Amino acid sequence: MKKIMPLSQGLRGSIEVPGDKSISHRAVMLSSLGDSTVEIKNFLRGADCLSTIGCMRSMGVDVVDEGDRLLIKGRGLDGLTEPNNILDAGNSGTTLRLLLGLLSGQKFLTTFTGDESLRRRPMGRVIAPLSMMGARIVGRNGNKNLPITILPSEKKLRGIEYEMPVASAQVKSAILLAGLRAESPTTVIEPHPSRDHTEKMLSAFGAHIEKSGRAITLKPIEKLIAPSSIEVPGDISSAAYWIVLASIVDGSDVVIKNVGVNETRTGIIDVMRSMGATLELLNERSSGGESIADIRVMSSKLHGIKFGGDMIPRLIDEIPIVAVAAAFAEGDTIIEDAGELRVKESDRLAAIVEEFNRLAPSAFEADGDTLIIHGRKNFRAERCQTRDDHRMAMSLSIFGAAASGVELDNPNCVDISYPMFYQTLERGRI
Ligand code: S3P
Numbered sequence: 008m009k010k011i012m013p014l015s016q017g018l019r020g021s022i023e024v025p026g027d028k029s030i031s032h033r034a035v036m037l038s039s040l041g042d043s044t045v046e047i048k049n050f051l052r053g054a055d056c057l058s059t060i061g062c063m064r065s066m067g068v069d070v071v072d073e074g075d076r077l078l079i080k081g082r083g084l085d086g087l088t089e090p091n092n093i094l095d096a097g098n099s100g101t102t103l104r105l106l107l108g109l110l111s112g113q114k115f116l117t118t119f120t121g122d123e124s125l126r127r128r129p130m131g132r133v134i135a136p137l138s139m140m141g142a143r144i145v146g147r148n149g150n151k152n153l154p155i156t157i158l159p160s161e162k163k164l165r166g167i168e169y170e171m172p173v174a175s176a177q178v179k180s181a182i183l184l185a186g187l188r189a190e191s192p193t194t195v196i197e198p199h200p201s202r203d204h205t206e207k208m209l210s211a212f213g214a215h216i217e218k219s220g221r222a223i224t225l226k227p228i229e230k231l232i233a234p235s236s237i238e239v240p241g242d243i244s245s246a247a248y249w250i251v252l253a254s255i256v257d258g259s260d261v262v263i264k265n266v267g268v269n270e271t272r273t274g275i276i277d278v279m280r281s282m283g284a285t286l287e288l289l290n291e292r293s294s295g296g297e298s299i300a301d302i303r304v305m306s307s308k309l310h311g312i313k314f315g316g317d318m319i320p321r322l323i324d325e326i327p328i329v330a331v332a333a334a335f336a337e338g339d340t341i342i343e344d345a346g347e348l349r350v351k352e353s354d355r356l357a358a359i360v361e362e363f364n365r366l367a368p369s370a371f372e373a374d375g376d377t378l379i380i381h382g383r384k385n386f387r388a389e390r391c392q393t394r395d396d397h398r399m400a401m402s403l404s405i406f407g408a409a410a411s412g413v414e415l416d417n418p419n420c421v422d423i424s425y426p427m428f429y430q431t432l433e434r435g436r437i
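Numbering (our numbering), first residue to last: 8 to 437.
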């Protein structure tokens, strides 16, 4: 149990957020497939990314953790070896879905499992297209759930053209990673643009990748040429908690440093600005194909807005914290097309409505795939369940800190993406 007290003053000064989770996973996976040693700086040491390291080590990859940097010794595109045991992806959908793609077409057998949450999440969305490419994958519940086994492949995969039914960077990435060693090009067509870190990093590793409208095409390649060093930008999904807290608590003026501001991830900035937040991007620069900036946030009077469609994949992980901002805004906020929230680390639509309503009774409603938030309610302190979902735990903490406080059951799940979250919030290192 953890008790979060209301903040007595606004946030001031500067804050660093941990490395980007999505980019950390991809840096380890792609570096393992190059032929040289890659140094990774600002790697996120969250439980999800450690699951990826564990899986890569089980397939023969030498990962040296020197504290301030990781060194990964690439084994080449065909150099991974059969793991002796079942691979555990823990809570991490990115580890599992991307590795299912990467390992499809390998000549060895791999079996995956994961924690209770991951075992409930839908995997048919990656298994179906990978099977169309010729991968032989079997999973529980009619190839939909963990445990999942990839059988050894006798021949190369076929490139496919695949129109994705849901916007998902994990599904897109799995197909592209499988396409690296296929016999012909692979095209994925997205319903809405999702985060493009895989495409950007594949290009940085010398792969031929082209974008045309909603279609992304990858040509198979003999070998990846790794850069000698990758610097992971700060995670905008972690910055989002401070963006919202500074916006809603009076007297705040804070700079969040070195944040990745790839435009497929900056929905939180656009939505907060539309709600009336005062946000400035300073020192804009780029590294390894990714845009980085410092974000200055000042307290503001927020108002409700309506959004959905293309915006959703650009802030899919930030919807719980946007819902918190909306509770402090004047008027109603309507978030449409939010159905994917049901299949995240918890059913986040249900979790937002049930847990957040404890702190602001009747403020949150779900109607099909639409989330409705009635702003400016009376707040109260209550005990809430994080449901072992890191983003629910952090959003509830920010809610409590900005309102009347909160008690959290199962608070430690923040380790998944932001191990120092409570220290930063409580010790006021901001
Ligand atoms: C991620 C993609 C998103 C996101 C997840 C990380 C990635 O999932 O929610 O936290 O790194 O590719 P979906 O692809 O399921 O939308």
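Every residue, glycine too, gets a C-beta built ideally from N, C-alpha and C.
Since the model is a prediction, treat every value here as computed from it, not as a measurement.
Which residues share a DSSP beta bridge with residue i?
{"i": "Thr117", "result": "Ile157"}
{"i": "Glu389", "result": "Val413"}
{"i": "Lys264", "result": "Glu23"}
{"i": "Gly41", "result": "Leu231"}
{"i": "Thr271", "result": "According to DSSP, which records beta bridges pairwise, Thr271 is partnered with nothing at all."}
{"i": "Glu168", "result": "Thr194"}
{"i": "Arg303", "result": "Val262, Glu287"}
{"i": "Lys9", "result": "Leu415"}
{"i": "Asn89", "result": "Just to set this straight, residue 89 is Glu in the shown sequence, not Asn. DSSP, once it has assigned bridges, lists no residue as partnering Glu89."}
{"i": "Leu94", "result": "Phe119"}
{"i": "Ser369", "result": "Answer is none; Ser369 lacks a bridge partner."}
{"i": "Asp374", "result": "Thr377"}
{"i": "Ser236", "result": "Glu46"}
Would you mind reading off the limits of the alpha helix (DSSP H) that contains residue i?
{"i": "Asn148", "result": "147-150"}
{"i": "His310", "result": "Careful: His310 lies outside any alpha helix (DSSP H) and carries neither H nor E."}
{"i": "Ala54", "result": "54-65"}
{"i": "Asp242", "result": "No alpha helix (DSSP H) contains Asp242, which DSSP labels as neither H nor E."}
{"i": "Asp396", "result": "No alpha helix (DSSP H) contains Asp396, which DSSP labels as neither H nor E."}
{"i": "Arg126", "result": "123-127"}
{"i": "Thr102", "result": "100-110"}
{"i": "Val329", "result": "326-334"}
{"i": "Ala358", "result": "355-358"}
{"i": "Ala142", "result": "Looking at the DSSP string, Ala142 is not in any alpha helix (DSSP H), and its letter there is neither H nor E."}
{"i": "Ile379", "result": "Premise fails: Ile379 lies in the beta strand (DSSP E), 377-381, not in any alpha helix (DSSP H)."}
{"i": "Ile319", "result": "318-321"}
Does at least one heavy atom of the ligand FMN sit under 7 Å from the Cβ of residue i?
{"i": "Gln177", "result": "Summarising the ligand content, the structure contains the ligand S3P and does not contain the ligand FMN."}
Can you tell me where the beta strand (DSSP E) with residue i in it begins and where it stops?
{"i": "Ser294", "result": "285-294"}
{"i": "Glu433", "result": "Run containing Glu433: none in the beta strand (DSSP E); it sits in the alpha helix (DSSP H), 428-433."}
{"i": "Arg76", "result": "76-80"}
{"i": "Val71", "result": "69-72"}
{"i": "Ile223", "result": "222-225"}
{"i": "Ile423", "result": "Counting along the chain, Ile423 falls outside any beta strand (DSSP E), and DSSP gives it neither H nor E."}
{"i": "Asp339", "result": "339-342"}
Apart from the five residues on each side of it in sequence, which residues of its chain come closer than 7 Å, Cβ to Cβ, to residue i?
{"i": "Ile405", "result": "Tyr248, Val251, Leu252, Ile328, Val331"}
{"i": "Ile276", "result": "Leu286"}
{"i": "Arg321", "result": "Thr271, Arg272, Thr273, Gly274"}
{"i": "Gly382", "result": "Gly311, Ala333, Ala334, Phe335, Ala336, Glu337, Gly338, Asp339, Thr340"}
{"i": "Thr102", "result": "His32, Asp55, Ser58, Thr59, Cys62, Ala96"}
{"i": "Pro426", "result": "Arg52, Gly53"}
{"i": "Leu288", "result": "Val268, Ala300, Ile302"}
{"i": "Gly100", "result": "Leu125, Arg128, Gln177"}
{"i": "Asn150", "result": "Gly131, Ile134, Ile144"}
Sorted by chain position, which residues of the same chain lie with C-beta nearer than 6 Å to residue i's C-beta, five sequence neighbours on each side aside?
{"i": "Ser424", "result": "Lys28, Gly53, His397"}
{"i": "His204", "result": "Ser29, Ile30, Arg33"}
{"i": "Ala388", "result": "Ser411, Gly412"}
{"i": "Arg436", "result": "The predicted model places Arg436 with a pLDDT of 44, which falls under 50 and marks its position as unreliable; any figure quoted below should be read in that light. Within the same chain, Arg436 has no close Cβ partners at all."}
{"i": "Leu14", "result": "Val256, Ala408"}
{"i": "Lys9", "result": "Leu415, Pro418"}
{"i": "Ile319", "result": "Asp344"}
{"i": "Pro136", "result": "Tyr169, Ile182"}
{"i": "Val360", "result": "Phe371, Ala373"}
{"i": "Gly26", "result": "Asn49, Phe50, Leu51, Val239"}
{"i": "Asp439", "result": "Within the shown structure, residues of the chain are numbered from 8 to 437, placing residue 439 beyond reach of any answer."}
{"i": "Gly41", "result": "Gly81, Leu231, Ala233"}
Tell me which residues share the same chain as residue i and place their Cβ nearer than 8 Å to its Cβ, disregarding the 5 neighbours each side in the sequence.
{"i": "Val266", "result": "Val24, Pro240, Gly241, Asp242, Ile243, Ala246, Ile299, Ala300, Asp301, Ile302"}
{"i": "Arg127", "result": "Asn152"}
{"i": "Ser353", "result": "Ser124, Arg394, Asp395, Asp396, Met399"}
{"i": "Glu89", "result": "Met66, Phe115, Leu116, Thr117"}
{"i": "Ser259", "result": "Gly17, Leu18, Arg19, Leu252, Ala253, Val304, Met305, Ser306"}
{"i": "Gly295", "result": "Lys207, Met208, Ala211, Pro234, Ile237, Glu238"}
{"i": "Ile93", "result": "Thr118, Phe119, Thr120, Pro154"}
{"i": "Arg280", "result": "Leu286"}
_Runs of alpha helix (DSSP H) wholly within the stretch 170-220 (minimum 4 residues, chain order)_ = 176-186, 204-211
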